[in-house]
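Peer 1: My structure is below; once you've seen it, I'll send some questions.
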Amino acid sequence: MEAVTARAGANIALVKYWGKRDARLNLPAAGSISVTLADLETRTTVTPSPELDFDELLLDGRSAPTTRIAPVLDRFRMVSGCDLYCRVESTNSFPTGAGLASSASGFAALVVAADAAFGTGLDDARLSEQARLGSGSAARSIFGGFVEMAPGSRDDGSDAVASPLLDAADWPLEIVVAITESGSKSVSSTDGMNLTMNTSPYYRAWVESVPADLERARAAVAARDFDLLAEAGESSALKMHASALAAQPGLLYWNGATVACLHEVRRLRAAGTGVFFTVDAGPQVKAICLPAQGAQVAARLADVPGVVRVIETALGPGAGVLT
Ligand code: 2P0
Numbered sequence: 000m001e002a003v004t005a006r007a008g009a010n011i012a013l014v015k016y017w018g019k020r021d022a023r024l025n026l027p028a029a030g031s032i033s034v035t036l037a038d039l040e041t042r043t044t045v046t047p048s049p050e051l052d053f054d055e056l057l058l059d060g061r062s063a064p065t066t067r068i069a070p071v072l073d074r075f076r077m078v079s080g081c082d083l084y085c086r087v088e089s090t091n092s093f094p095t096g097a098g099l100a101s102s103a104s105g106f107a108a109l110v111v112a113a114d115a116a117f118g119t120g121l122d123d124a125r126l127s128e129q130a131r132l133g134s135g136s137a138a139r140s141i142f143g144g145f146v147e148m149a150p151g152s153r154d155d156g157s158d159a160v161a162s163p164l165l166d167a168a169d170w171p172l173e174i175v176v177a178i179t180e181s182g183s184k185s186v187s188s189t190d191g192m193n194l195t196m197n198t199s200p201y202y203r204a205w206v207e208s209v210p211a212d213l214e215r216a217r218a219a220v221a222a223r224d225f226d227l228l229a230e231a232g233e234s235s236a237l238k239m240h241a242s243a244l245a246a247q248p249g250l251l252y253w254n255g256a257t258v259a260c261l262h263e264v265r266r267l268r269a270a271g272t273g274v275f276f277t278v279d280a281g282p283q284v285k286a287i288c289l290p291a292q293g294a295q296v297a298a299r300l301a302d303v304p305g306v307v308r309v310i311e312t313a314l315g316p317g318a319g320v321l322t
């Protein structure tokens, strides 16, 4: 069998995913809306081989545990009827230890490469389902541009998949990531979500508020209404963090520079720049900018005390095979 290489971009949720209706199948408690990034990507090569007695993983050149990828490969082995173990080599274009999640682009690239290597020929919805079983946010990285993840209602999760809302080229927003701490050890998203679900008195209110944010964000994307997207996006991020802050013990993902960046983004918007913020399960700030405004926002965020570096990227395409 041939080695197959695939790539997938990381994604950033504008309407956040935070909580599950089924932890085993990674079924989200509510939908989410994201943008897929062009320049923060994972490239993964899958090589099935009769010479292997177990799966192997090389992550950025280093041997890594296969606990999370072996179940994904098992499903492709089952569907294809081919029981070969695989060598998986995966590299991220963005700095590891920069606190930027790589599980979304990682699992999306893995399932696309495995699908081609095992010849299973799954369509995009089924690839999204397989990526979701690896990591909830990975379901969205199968698609490019603006993407919506459906929570689904079936117990087997077959309808909990992502679908595209709008191509990147149709509204080429720019993203600036302000890194405020490198190598930070946050509580993982999976653990943070579980703690919030189990202990936060605000969790239910958070989940109940998501459909209205999805509606606003969907309408904003359809109309290319940046102000409406900014309102829905900042509100979703702040509410997600409010639910996490109220967990026991409270999850405080932000540092001082994180908060300083949020204020700087608000100052810029008040002065007329098209920009809004979002923050995930870590201290980095992601600024979403109108086309051609990324460079100005990057320069301003780079000057905020405590910002270690900034990364600028365009929106990008969905996952695909390279070779
Ligand atoms: C999101 N995050 O919508 C939210 C906002 C982080 C904060 O999706 O447990 O790594 O593997 O499904 O996908 C990160 O969560 O969690 C995430 P699992 P995942 O982007």
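All residue numbers for the sequence shown refer to numbering that gives the first Met the number 0, where the first residue is 0 and numbers rise by one. By construction, the Cβ of each residue, glycine as well, lies at the ideal position given by its N, Cα and C atoms. Everything numeric in this text was worked out from a predicted model, so none of it was measured.
What do you reckon, are the CB atoms on leucine 228 and cysteine 260 nearer than 9 angstroms?
Peer 2: As a first step, residue 228 is located in the sequence shown; it is residue number 229 there, counting from the start. As a first step, residue 260 is located in the sequence shown; it is residue number 261 there, counting from the start. No, the pair does not count as a contact, with Cβ atoms beyond the cut-off.
Peer 1: Starting from glycine 182, trace the beta strand (DSSP E) both ways and give me its first and last residue.
Peer 2: To locate residue 182, count along the sequence shown from 1; it is residue 183. Counting along the chain, glycine 182 falls outside any beta strand (DSSP E), and DSSP gives it neither H nor E.
Peer 1: Alpha carbon to alpha carbon, how far is leucine 213 from alanine 222?
Peer 2: As a position in the sequence shown, residue 213 is number 214, starting the count at 1. As a position in the sequence shown, residue 222 is number 223, starting the count at 1. Near 14 angstroms, if we compare the C-alpha coordinates of alanine 222 and leucine 213.
Peer 1: Could you please give the first and the last residue of the uninterrupted beta strand (DSSP E) stretch that includes proline 81?
Peer 2: The residue given as residue 81 occupies position 82 in the sequence shown. Per the sequence presented here, residue 81 reads as cysteine, with proline not at that position. Where cysteine 81 is concerned, there is no enclosing beta strand (DSSP E), given that its DSSP letter is neither H nor E.
Peer 1: Strictly closer than 5 angstroms from CB to any heavy atom of the ligand 2P0: give me those residues in the order they appear in the chain.
Peer 2: Listed along the chain, these residues meet the criterion: Ala12, Lys15, Tyr16, Asn25, Ser31, Ser102, Ser134, Gly135, Ser136, Ser188, Thr189, Asp279 and Ala280.
Peer 1: Fully enclosed by the region 80-145, which beta strand (DSSP E) runs are 3 residues long or longer?
Peer 2: Fully enclosed beta strand (DSSP E) runs of 3 or longer: 84-91.
Peer 1: When the Cα atoms are used, what is the spatial distance from leucine 164 to alanine 241?
Peer 2: Taking the first residue of the sequence shown as position 1, residue 164 is located at position 165. Taking the first residue of the sequence shown as position 1, residue 241 is located at position 242. If I take the Cα positions, the gap works out to 28 angstroms.
Peer 1: In this structure, what does DSSP give as the bridge partners for proline 163?
Peer 2: Indexing the sequence shown from 1 puts residue 163 at position 164. Proline 163 pairs with Val146.
Peer 1: Distance check for glutamate 1 and leucine 83, CA to CA, integer angstroms please.
Peer 2: Here residue 83 refers to the residue found at position 84 of the sequence shown. Here residue 1 refers to the residue found at position 2 of the sequence shown. Straight-line Cα distance between these residues: approximately 12 angstroms.
Peer 1: Taking the alpha carbon of alanine 115 as the reference point, which residue from Phe142, Val78 and Ser134 has its own alpha carbon closest?
Peer 2: Along the sequence shown, read from residue 1 onward, the residue named residue 115 stands at position 116. Among Phe142, Val78 and Ser134, the Cα nearest to that of alanine 115 is on Val78.
Peer 1: Please report how far the alpha carbon of proline 27 lies from the alpha carbon of lysine 19, in whole angstroms.
Peer 2: Translated into positions along the sequence shown, residue 27 becomes position 28. Translated into positions along the sequence shown, residue 19 becomes position 20. Approximately 4 angstroms, taken between the alpha carbons.
Peer 1: Bridge partners of aspartate 224, per DSSP?
Peer 2: Counting from one through the sequence shown, the residue named residue 224 turns up at place 225. DSSP output for aspartate 224 lists no bridge partner at all.
Peer 1: Given a cut-off of 9 angstroms on the beta-carbon distance, is the pair alanine 100 and glycine 305 in contact?
Peer 2: As a position in the sequence shown, residue 100 is number 101, starting the count at 1. As a position in the sequence shown, residue 305 is number 306, starting the count at 1. No, Cβ-Cβ distance for alanine 100 and glycine 305 is not below 9 angstroms.
Peer 1: So what's proline 47 in DSSP terms, helix, strand or just coil?
Peer 2: For the purposes of this step, residue 47 is taken as the residue at position 48 of the sequence shown. Strand, per DSSP.
Peer 1: Just the C-alpha distance for alanine 269 and alanine 9, rounded to the nearest angstrom, thanks.
Peer 2: Here residue 269 corresponds to residue number 270 of the sequence shown, with the count starting at 1. Here residue 9 corresponds to residue number 10 of the sequence shown, with the count starting at 1. Cα to Cα, alanine 269 sits roughly 29 angstroms from alanine 9.
Peer 1: Sorted by chain position, which residues of the same chain lie with C-beta nearer than 6 angstroms to aspartate 123's C-beta, five sequence neighbours on each side aside?
Peer 2: Reading the sequence shown from its first residue, position 124 is the one you call residue 123. Contacts found: Ile141.
Peer 1: Under 8 angstroms by Cβ, that's how I've got arginine 86 and serine 48 pegged, so tell me the actual separation to the nearest angstrom.
Peer 2: Taking the first residue of the sequence shown as position 1, residue 86 is located at position 87. Taking the first residue of the sequence shown as position 1, residue 48 is located at position 49. Rounded, the Cβ-Cβ distance is 6 angstroms, consistent with contact.
Peer 1: To the nearest angstrom, how far is it from the Cα of glutamate 40 to the Cα of serine 33?
Peer 2: By one-based count along the sequence shown, residue 40 stands at place 41. By one-based count along the sequence shown, residue 33 stands at place 34. Approximately 15 angstroms between the Cα atoms of the pair.
Peer 1: Taking the alpha-carbon positions, what's the threonine 313 to threonine 65 distance?
Peer 2: Walking along the sequence shown from the start, residue 313 turns up at place 314. Walking along the sequence shown from the start, residue 65 turns up at place 66. In the sequence under discussion, the amino acid at residue 313 is alanine, which differs from the threonine named in the question. Spanning the two alpha carbons is a distance of roughly 32 angstroms.
Peer 1: Measuring alpha carbon to alpha carbon, tell me which of Phe145, Ser152 and Gly156 ends up nearest serine 162.
Peer 2: Taking the first residue of the sequence shown as 1, we reach residue 162 at position 163. Minimum Cα distance to serine 162 is reached at Phe145.
Peer 1: I'd like the span of the beta strand (DSSP E) that includes aspartate 21, first residue to last.
Peer 2: Numbered from 1 along the sequence shown, position 22 holds the residue referred to as residue 21. Unbroken beta strand (DSSP E) run through aspartate 21: 19-21.
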